[in-house]
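**Student:** Protein chains in written order, with this note's numbering: chain A, 1 to 119; chain B, 1 to 185.
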Amino acid sequence: MFAPSTAYPTTQSGRQQLADDLTSRGLIPTQGQQHFDRDRINKMAEAMLNGEFDWSKASLQPVILGPRGEVMGGHHRVIAAHLAGIELLRIPGPRPQVQVLPFNYRAEFDWVDVLPDVS
Amino acid sequence: MGFESFQVELKGDANTFASKGAFGDRFPQAKPDPDAIPLAGSAFFIVDDGLHIVEIEVSDSTARMSIRFTLCHPGSIIQAFLNLLQDLIATFDMSARIRDDVRVEHSGWYSAARIEEFSSIVSGYVANRRSEWIANFGPEEVAANTSEVFRRIVLPSCLPKIKSMAGTTPDVGTKANRLATVEPT
């Protein structure tokens with residue numbers, strides 16, 4: 001069962017802590033809050049913890065980073081994996097779960113600005 | 001995802017569709033999407049008219065859908081997308097909003113009664129996002145779903161294997177059109 005402590009935060013302090021954690025990892029979001037779906041993050045994190053996440057299909061559409069750690073694509077997956085305590089670079093398989101583009105052309109934000117509001 | 005596609009979200013009420021199966025029954029032009037990354041509580045479909053591919057995610061627990069297309073589509077995708085959007089809104093009596101970085105005044109929900117206004121707003125943002133895509137990934141036009149766009153365009157542009165998640169590669173510069181905003185045209 002999905003452990004409550006690994007679900008998306010339900011308090012402002014928890015949301016701030018998550019933002020701080022993601023920031024400390026050197027990751028920079030490039031999508032605004034409008035993109036994000038809290039339920040989607042929770043479902044992904046739960047599937048990752050339960051071993052039900054389809055890493056093979058995910059690797060065909062991997063997380064895309066820019067050269068300085070900008071998250072170009074796969075924001076939900078990055079947050080879900082962080083909540084689930086899963087290191088995306090260590091997922092075994094024939095294809096990597098993370099790839100890097102040599103350029104970033106998107107506006108950048110701070111995590112605390114883009115994370116979904118708490119319920 | 002996001003940078004490779006444009007997305008609109010639709011919402012209805014509890015009676016919009018009783019189950020994922022009901023969506024397929026009432027909207028038979030949508031076929032199951034074999035390339036989608038499965039997620040509990042969601043069903044994934046594609047609508048392929050031979051010239052464009054639109055991807056649909058149906059979430060039955062919250063009576064929501066998201067519909068998207070990849071930005072490498074030919075320009076005719078805008079009208080095809082708007083036609084499909086209007087069809088979905090009419091069929092399921094839903095409201096729509098853009099799921100993208102938009103100005104505050106464009107970030108709300110639009111009902112069927114405001115579909116023309118919404119279509120105009122969507123067209124402006126799509127034009128900007130397509131220009132952004134072309135400036136960075138080139139003008140090749142492909143009617144492809146997300147998975148194929150990654151395989152054909154995005155992944156060949158990526159660097160070799162990385163060892164950590166952040167800041168591991170030298171910043172070799174940005175493309176000439178680094179866009180700071182996404183103002184509609």
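Glycine included, every Cβ here is placed at the ideal spot set by N, Cα and C.
State the beta-bridge partners of A:Gly-73 as determined by DSSP.
**Tutor:** A:Ile-64
**Student:** Less than 7 Å separating the Cβ of A:Ala-45 from some heavy atom of the ligand FMN?
**Tutor:** Ligands are entirely absent from the displayed structure, and the ligand FMN is therefore not among its contents.
**Student:** Can you grab the Cα-Cα spacing for the pair A:Ile-41 / A:Tyr-8, in whole Å?
**Tutor:** 7 Å
**Student:** With DSSP run on the structure shown, which of helix, strand or coil describes B:Glu-105?
**Tutor:** helix
**Student:** What does B:Ile-192 pair with, by DSSP beta-bridge criteria?
**Tutor:** There is no way to answer for residue 192 of chain B, as the model of chain B reaches only from 1 to 185.
**Student:** Should B:Ala-40 be labelled buried (16 or more other beta-carbon atoms within 10 Å of its own) or exposed?
**Tutor:** exposed
**Student:** Mind checking whether B:Phe-118 and B:Ala-90 have CB atoms under 8 Å apart?
**Tutor:** no
**Student:** Within the 8 Å Cβ cut-off, does A:Val-118 reach chain B?
**Tutor:** no
**Student:** So if DSSP puts B:Lys-11 in a beta bridge, which residue, or which two residues, is it bridged to?
**Tutor:** B:Arg-64 and B:Ser-95
**Student:** Please compile the residues from chain B whose C-beta is within a distance smaller than 8 Å of the C-beta of A:Arg-25.
**Tutor:** Met-165 and Ala-166
**Student:** What distance in whole Å lies between the Cβ atoms of B:Glu-4 and B:Val-154, which are believed to be in contact at a cut-off of 8 Å?
**Tutor:** 6 Å
**Student:** Helix, strand or coil for B:Phe-150, going by three-state DSSP, please let me know.
**Tutor:** helix
**Student:** Can the beta-carbon of A:Leu-29 be found less than 8 Å from the beta-carbon of A:Val-98?
**Tutor:** Going by the sequence as given, residue 29 of chain A is Pro instead of Leu. Their beta carbons are not under 8 Å apart, which means A:Pro-29 does not touch A:Val-98 by this criterion.
**Student:** Answer with buried or exposed for B:Pro-170, where buried requires no fewer than 16 other C-beta atoms within 10 angstroms of its C-beta.
**Tutor:** Residue confidence is low: B:Pro-170 scores 47 on pLDDT, short of 50, so the model does not pin down where it sits. Its coordinate-derived value is still stated next. Burial call: exposed.
**Student:** Which residue from B:Gly-2, B:Pro-38 and B:Leu-71 puts its Cα closest to that of B:Glu-57?
**Tutor:** Here the closest residue by C-alpha is B:Pro-38.
**Student:** CA-CA distance, B:Arg-152 and A:Tyr-105?
**Tutor:** Across the structure, B:Arg-152 and A:Tyr-105 are spaced so that their CA atoms are roughly 19 Å apart.
**Student:** Please identify the residue among A:Leu-115, A:Thr-11, A:Gly-26 and A:Ala-45 whose C-alpha is closest to the C-alpha of A:His-82.
**Tutor:** A:Ala-45
**Student:** Could you name the residues of chain A that B:Pro-38 contacts, counting a contact when the two beta carbons are closer than 9 Å?
**Tutor:** Ala-47, Glu-52, Phe-53, Asp-54 and Lys-57
**Student:** Do three or more CB pairs link the region 138 to 147 of chain B to the region 22 to 37 of chain B at distances below 8 Å?
**Tutor:** yes
**Student:** Measuring straight from C-alpha to C-alpha, what distance separates A:Gln-34 and B:Asp-25?
**Tutor:** Going by the C-alpha atoms only, they are around 30 Å apart.
**Student:** Around the Cβ of A:Thr-11, are there at least 16 other Cβ atoms within 10 angstroms (buried) or fewer (exposed)?
**Tutor:** exposed
**Student:** Would B:Leu-82 and B:Val-47 be called neighbours here (beta carbons separated by less than 8 Å)?
**Tutor:** no
**Student:** With DSSP as the reference, please indicate the residues paired to A:Ile-28 in a beta bridge.
**Tutor:** A:Glu-70
**Student:** Given that a residue counts as buried once 16 or more other Cβ atoms are within 10 Å of its Cβ, and exposed if not, what is B:Pro-74?
**Tutor:** exposed
**Student:** How about A:Gln-17: is its C-beta nearer than 8 Å to some C-beta of chain B?
**Tutor:** no
**Student:** Please list, in chain order, the chain A residues whose beta carbon lies closer than 7 Å to that of B:Ser-155.
**Tutor:** For the sequence presented, residue 155 of chain B should be read as Leu rather than Ser. Taking the beta carbon of B:Leu-155 as reference, the chain A residues within 7 Å of it are Gln-99, listed in sequence order.
**Student:** In chain A, which residues lie with their C-beta within 8 Å of the C-beta of B:Lys-161?
**Tutor:** Pro-96
**Student:** Comparing alpha-carbon positions, which option in B:Asn-136, B:Ser-42, B:Ser-111 and B:Phe-69 lies nearest A:Pro-102?
**Tutor:** When B:Asn-136, B:Ser-42, B:Ser-111 and B:Phe-69 are compared, the shortest CA-CA separation from A:Pro-102 is found for B:Asn-136.
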